[in-house]
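All residue numbers for the sequence shown refer to the working numbering, where the first residue is 18 and numbers rise by one.
What follows is one structure encoded as structure tokens, with my remarks underneath.
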Amino acid sequence: MVKDIEKQFKKAEKLYKAMQYKRAAKLYDSVGDSYLTLGNFELARDCYFDAAKCCMNEDKYLIGIDFLRKAGNASLIHNQVLEANQFFREAVKYIPNLRSTSDRNHYFILFSCLSYLCFFVKGEQEEGLKLVKKIKNYVDDTYFKENPLIRLITNLTMVRKEKNEKYVERIKKDFTNLKFREAETHLVKQALVIAKTYTSLIINLNFDKEVYTTNEPINLSLNIDTEPLLEISKQDFYNYDLKELKISKIGITLSDNLTSPKNPELPILIEVGQKRRINLLIKPHFQMENPFVGPILITAELNENLIFMYEISQLLKPNLISPPPSLEISIKNLRPPLIDQTFPLEILIENKSQGDALNLNIDVEFPEQIKVMRGTLKKQIYSLRSNENIKWEINLKPTEAGDYIIKVISKFNDPDQNLIEDTKEFPLSIKL
18 MVKDIEKQFK KAEKLYKAMQ YKRAAKLYDS VGDSYLTLGN FELARDCYFD
68 AAKCCMNEDK YLIGIDFLRK AGNASLIHNQ VLEANQFFRE AVKYIPNLRS
118 TSDRNHYFIL FSCLSYLCFF VKGEQEEGLK LVKKIKNYVD DTYFKENPLI
168 RLITNLTMVR KEKNEKYVER IKKDFTNLKF REAETHLVKQ ALVIAKTYTS
218 LIINLNFDKE VYTTNEPINL SLNIDTEPLL EISKQDFYNY DLKELKISKI
268 GITLSDNLTS PKNPELPILI EVGQKRRINL LIKPHFQMEN PFVGPILITA
318 ELNENLIFMY EISQLLKPNL ISPPPSLEIS IKNLRPPLID QTFPLEILIE
368 NKSQGDALNL NIDVEFPEQI KVMRGTLKKQ IYSLRSNENI KWEINLKPTE
418 AGDYIIKVIS KFNDPDQNLI EDTKEFPLSI KL
């Protein structure tokens with residue numbers, strides 16, 4: 018049988034070369050049907066495409082368009098959706114050549130819808146809409162608005178945006194009016210599997226804390242519950258055994274003061290019916306009014322076959338506050354400290370934090386064996402701003418050798434008037 022088909026194919030090729038296009042087209046079509054029966058979808062596709070070329074050469078556009086549709090269907094049966102889309106888009110190019118206005122109206126909508134469905138199941142819905150909007154200019158307005166295929170496109174578009182079950186039910190109710198061929202019907206149901214996923218998937222976001230300072234990381238949990246997707250496999254209508262959800266990309270929109278320095282390791286596989294928490298790390302850099310996280314756009318796949326973009330429109334606003342101010346205090350001997358000799362000691366107060374220190378009071382305490390010869394032991398400062406410092410010298414005279422402790426006590430208010438107290442101790446060794 019295969020040899021007979023091959024003979025017929027060679028005969029069709031000879032007829033094509035001899036420019037006997039009508040006979041060649043008929044033979045290509047017959048051979049394509051035979052290959053389709055044998056399950057050789059690629060050869061069937063090629064035969065239908067060759068038949069289409071024969072028709073176009075003879076300006077038989079209506080017949081040629083139907084052969085392109087058959088080529089696209091052969092690709093769909095072979096699960097080559099993007100390849101099928103090429104044939105459907107090719108058909109659109111020849112539709113303006115059709116003589117009948119009703120034929121042009123019909124085929125413009127049919128092939129743009131088939132193309133939209135191909136784009137839809139591969140996560141490129143916006144590209145599909147572009148073609149539909151383009152052909153709208155060439156179709157009777159009333160015919161366009163009342164066409165069930167346009168209703169299908171509208172409902173699929175809306176279910177993606179609103180994630181509302183009512184649009185899925187509208188499509189199912191109108192399903193018998195679509196008049197698709199078998200492979201095309203399967204394509205529509207694949208699109209409906211994605212539509213049902215939009216309405217069923219449960220995703221929510223939450224922070225691990227209520228308040229963050231601008232110098233600590235924000236941990237955001239992305240919680241995904243796929244248990245509602247089990248319903249898809251249970252319903253005979255979809256005829257789809259949904260086993261896994263794969264997250265391949267996560268995109269986060271952030272306010273200018275936030276960044277996401279580290280993405281989770283992708284892809285993430287989730288067995289349908291299971292729950293999964295994905296941790297996202299966000300880093301704040303500075304304070305600003307109304308910081309936000311979201312929306313979040315997830316690129317996902319069903320059974321590594323159907324691709325869709327899921328937007329989490331939920332907008333989260335982290336409560337950010339400035340970190341409490343902290344002071345760095347240090348002392349420095351400007352000359353070696355020796356017994357019965359005066360030496361200068363420098364005290365440095367630095368505010369390296371992001372918050373201002375207000376109403377600052379500094380007290381310095383020395384042991385009785387170290388006499389203060391000159392300088393002040395107390396400092397009062399109205400404000401020490403971020404990245405500012407103060408320093409001063411105190412002249413000291415040790416009276417006894419030994420190891421001693423110098424205390425520097427600081428008291429100040431943060432910008433919210435909270436009192437902060439700190440005592441730092443510094444060792445000082447006096448030699449003979």
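All C-beta atoms in this analysis are idealised placements derived from N, C-alpha and C, irrespective of residue type, glycine included.
Check: When you compare only the Cα positions, how much space is there between His302 and Met175?
Finding: 38 Å
Next item on the list: Could you check what DSSP says for Arg391 in three-state terms: helix, strand or coil?
Entry: strand
Check: Can you list, in chain order, the stretches of the beta strand (DSSP E) that have 3 or more residues and sit fully within the stretch 268 to 322?
Finding: 275 to 279, 285 to 288, 292 to 301, 310 to 319
Margin query: Can you confirm whether Asp357, when its beta carbon is compared against all beta carbons of chain C, has any partner nearer than 8 Å?
Written below: Here chain C cannot be found, since the structure has a single protein chain.
Check: Taking the Cβ atom as the reference point for each residue, do Asn320 and Leu259 lie within a distance shorter than 8 Å?
Finding: By the CB criterion at 8 Å, Asn320 and Leu259 fall inside the cutoff.
Check: Given a threshold of 16 other Cβ atoms within 10 Å of its Cβ, counted over all protein chains shown, does Gln434 qualify as buried or as exposed?
Finding: exposed
Next item on the list: Taking Ser265 and Pro284 to be in contact with their CB atoms under 8 Å, please state how far apart those CB atoms are, rounded to whole angstroms.
Entry: 5 Å
Note to self: Considering only DSSP beta bridges, list what Glu443 is partnered with.
What the structure shows: Strictly speaking, residue 443 in this sequence is Phe, with Glu absent from that position. DSSP, once it has assigned bridges, lists Ile423 as partnering Phe443.
Item checked: Given 8 Å, three or more beta-carbon pairs between the stretch 291 to 310 and the stretch 245 to 258 -> no
Next item on the list: Take the Cβ of Arg86 as the centre, count every other Cβ of all protein chains shown within 10 Å, and call the residue buried at 16 or more, exposed below.
Entry: buried
Check: Which first and last residues belong to the beta strand (DSSP E) in which Asn350 is found?
Finding: 345 to 350
Notebook entry, point to check: Which class does Ala212 belong to by DSSP, given the choice of helix, strand or coil?
Noted result: helix
Checklist line | Contacting residues, own chain, Cβ-Cβ under 6 Å from Glu244 (five flanking each side not counted) | finding: Taking Glu244 as the centre and dropping the five residues before and after it, the same chain places the C-beta of Gly290 closer than 6 Å to its C-beta, in chain order.
Checklist line | Simplified DSSP assignment, three categories, for Met175 | finding: helix
Note to self: Three or more C-beta pairs under 8 Å: does that hold for the stretch 212 to 219 against the stretch 176 to 185?
What the structure shows: yes
Notebook entry, point to check: Who does Gln512 pair with in a DSSP beta bridge?
Noted result: Missing from the structure shown is residue 512; the chain here goes from 18 to 449 and no further.
Check: Taking the continuous alpha helix (DSSP H) assigned at Glu143, which residues delimit it?
Finding: 142 to 153
Next item on the list: Determine the DSSP secondary structure at Tyr111, reduced to helix, strand or coil.
Entry: helix
Notebook entry, point to check: Apart from the five residues on each side of it in sequence, which residues of its chain come closer than 6 Å, Cβ to Cβ, to Lys428?
Noted result: Asn378, Glu438
Check: Within 10 angstroms of its Cβ, does Gln397 collect 16 or more other Cβ (buried), or is it exposed?
Finding: exposed
Note to self: Do Ser129 and Val109 have their beta-carbon atoms positioned less than 8 Å apart in this structure?
What the structure shows: yes
Next item on the list: Pull up the distance between the alpha-carbon of Tyr421 and that of Glu385, whole angstroms please.
Entry: 10 Å
Notebook entry, point to check: Buried or exposed: where does Asp158 fall if 16 or more other Cβ atoms within 10 Å of its Cβ makes it buried?
Noted result: Exposed is the call here.
Next item on the list: Name the two residues that bound the continuous alpha helix (DSSP H) containing Asn74.
Entry: 58 to 74
Next item on the list: For His95, I'd like the list of residues in its chain whose CB is within less than 8 Å of its CB, leaving aside the five on either flank, ordered along the chain.
Entry: Phe58, Glu59, Arg62
Check: What are the residues that DSSP puts in a beta bridge with Phe429?
Finding: Ile437
Note to self: Can you tell me where the beta strand (DSSP E) holding Lys260 begins and where it ends?
What the structure shows: That residue, Lys260, is in no beta strand (DSSP E); it is neither H nor E in DSSP.
Next item on the list: Using 10 angstroms around the beta-carbon of Gly81, count the other beta-carbons present and answer buried if the total reaches 16, otherwise exposed.
Entry: buried
Note to self: Given this structure, state the Cα-to-Cα distance separating Tyr78 from Phe84, to the nearest angstrom.
What the structure shows: The alpha-carbon atoms of Tyr78 and Phe84 are separated by roughly 10 Å.
Checklist line | Ser51 burial status per 10 Å Cβ neighbour count (16 or more: buried) | finding: Ser51 comes out buried.
Check: At what residues does the alpha helix (DSSP H) containing Val156 begin and finish?
Finding: Premise fails: Val156 is in no alpha helix (DSSP H) and is neither H nor E.
Next item on the list: Taking all protein chains shown into account, decide if Lys139 is buried (16 or more other Cβ within 10 angstroms of its Cβ) or exposed.
Entry: buried
Check: If we count the other Cβ atoms within 10 Å of its Cβ and call it buried at 16 or more, is Pro335 buried or exposed?
Finding: buried
Note to self: Just to confirm, is the Cβ distance from Glu405 to Ile356 under 8 Å?
What the structure shows: no
Check: With burial defined as no fewer than 16 other Cβ atoms inside 10 Å of the residue's Cβ, what is the status of Ser330: buried or exposed?
Finding: For Ser330, the number of other beta carbons within 10 angstroms of its own is below 16, and it is reported as exposed.
Next item on the list: With DSSP collapsed to three states, give me the class of Leu32.
Entry: Here Leu32 sits in helix by DSSP.
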